[in-house]
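These notes concern the structure reproduced below.
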Amino acid sequence: MIGLILIAVLAVKWSTQADEFTKEDVDRWTQEFMTVVKEGDRLFHSPNLGKNKVSCDQCHPNAANTHPETYPKFQKQLGRVITLFEMVNWCLRNPLEGEPLAADDPRMVALLAYIHYERRGVPLAPGKH
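Numbering (our numbering), first residue to last: 197 to 325.
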């Protein structure tokens, strides 16, 4: 009987224990993430996302005033609460005169990764954003 209780306790412990990651896991994932961030950096500074040769960085140097940490939020241009994904697509359609990207498009993933990475550690200033 004690053996069954011990097995049950261990089974619960093992099933609720978080995965442990090795330094190699974290290093590999960081490298993969940074590869996507670098692609986002390239796209953000590229005049080829739209038809008029305007790039994201012309309005947002170094991802300035993108404030990814404030989304979802009400956005005046669209007249409703939106996500950062929707705001990026608005910018692609309007200032850049390009086509919107699907949420799972590698270019959208790269742009969002770059924006979030570039704005890391920037303090939120209530009322400014």
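Where is the CB? At the ideal position from N, CA and C, for every residue including glycine.
{"Item": "Residue(s) in a DSSP beta bridge with Ile278", "Value": "Lys269"}
{"Item": "Gly317 in three-state terms, based on DSSP", "Value": "coil"}
{"Item": "One or two residues paired with Gly246 in a DSSP bridge", "Value": "Gly294"}
{"Item": "Asp237 classed as buried or exposed, judged by whether at least 16 other C-beta atoms fall within 10 angstroms", "Value": "buried"}
{"Item": "Cβ contact check for the stretch 300 to 315 and the stretch 229 to 243: 3 or more pairs under 8 Å", "Value": "yes"}
{"Item": "Reduced DSSP category for Thr226 - H, G, I as helix; E, B as strand; rest coil", "Value": "helix"}
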